[in-house]
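S.K.: Take this structure first; my questions come after.
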């Protein structure tokens, strides 16, 4: 059964889905997929693509978590109970449902392709490798096959980074991409003129996939497994599209590693944690250059003066 994963599907009220996702990750899930009709509507409103279908919004979200070591019926019941316990923290759970099935690794890796279409963000177009797209003359096309690595370009956190990359000059700049995932941000930076790029990720799958996507787009950058501590020297731009806790962990090293007038893009921050991240960055001597917000996600661009 080494080529099989257990897919645990949980239907839960939207208000509790982030907390439930955290529980699943803490219980050993190697990955999660969120099916939320509200995200599709937001994508349409933000004009991230012309292929977003009309959907009826409900109060429920479906979380699909993937476990290499299958959960027993007893463990699944315990997961359900932990979900209901979120009510004690004031979160609506609703009629929580849980089910599971065994799927082949290849099926998990490819199932999402049905929902992934060309996405336009400013002048950058993220094009799935299995779909055709005729670009406008001024558009930069990034061909992408994220595989099982995070970063398709459609999520708010990634999209805000891509928007920001188009706001700054990357010519002759050294860029570090911390938590590169599919390599999408490193590839965009390369296409927009960055001189040298270093991409790192703790996931070996991401290191492999980012290299494949770089080759697909005719660019090249150094890739390593690890986080910011495996890099040396200084960078003109450091990008971290991760989560608040990891961003705060690496912020001291970011502050030391930024060159004069360097910038730090921090994304993947939920609104509730945004002030913590900002305050720590300011305490470390960085300045807030600009910020953005989409949905519940906050993006910061911090700077280091000479």
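Numbering (the working numbering), first residue to last: 3 to 308. Glycine included, C-beta positions come from ideal geometry on N, C-alpha and C.
(1) Apart from the five residues just before and just after residue 188, which ones in its own chain have a Cβ nearer than 6 Å to its Cβ?
(2) Using beta-carbon positions only, say whether residue 302 and residue 268 come within less than 7 Å of one another.
(3) Would the beta-carbon of residue 17 fall within 7 Å of that of residue 93?
(4) Take residue 215 and list the residues in its own chain whose beta-carbon comes closer than 8 Å to its own, dropping the five residues that flank it on each side.
(5) Using a Cβ-Cβ cutoff of less than 6 Å, which residues in the same chain neighbour residue 193 once the five nearest sequence positions on both sides are dropped?
(6) With a cut-off of 8 Å on the beta carbons, I'd call residue 96 and residue 14 a contact; round off their distance for me.
(7) Using a Cβ-Cβ cutoff of less than 6 Å, which residues in the same chain neighbour residue 64 once the five nearest sequence positions on both sides are dropped?
(8) Taking the straight line between their C-alpha atoms, what separation do you get for residue 175 and residue 164?
(9) When DSSP builds the beta bridges, which residues end up paired with residue 67?
(10) Hey, how far is the Cα of residue 271 from the Cα of residue 292?
(11) Determine whether the beta carbon atoms of residue 288 and residue 306 lie at a separation below 7 Å.
(12) How many Å lie between residue 308 and residue 258 at the Cα?
(13) My output table needs one value for residue 159: the three-state DSSP class, helix, strand or coil.
(14) Alpha carbon to alpha carbon, what distance is there between residue 23 and residue 84?
(15) So what does DSSP say about residue 182, is it helix, strand or coil?
(16) Once DSSP output is grouped into helix, strand and coil, what is the label at residue 235?
M.R.: Inspection of the coordinates gives the following:
(1) The residues are 179, 182, 199, 201, 223.
(2) It is a contact, given that the beta carbons lie within the stated cut-off.
(3) Yes, the pair counts as a contact, with Cβ atoms nearer than the cut-off.
(4) For residue 215, same chain residues with a beta-carbon under 8 Å away, outside a window of 5 residues either side, are 145, 146, 147, 148, 184, 185, 186, 189 in chain order.
(5) So the list reads 142, once near-sequence residues are dropped.
(6) Contact check for residue 96 and residue 14: beta-carbon distance about 7 Å, within the 8 Å limit, so the pair qualifies.
(7) Excluding sequence neighbours, residue 64 sits near 13, 37.
(8) One C-alpha to the other measures close to 16 Å.
(9) In DSSP, residue 67 forms a bridge with 10, 34.
(10) Straight across, the Cα-Cα distance linking residue 271 with residue 292 is about 15 Å.
(11) Yes. Within cutoff.
(12) Those two C-alpha atoms are separated by around 12 Å.
(13) Three-state result, residue 159: helix.
(14) Looking at the two C-alpha atoms, the distance is approximately 11 Å.
(15) In the displayed model, residue 182 falls within coil according to three-state DSSP, outside both helix and strand.
(16) In the structure shown, residue 235 falls within a coil segment according to DSSP collapsed to helix, strand and coil.
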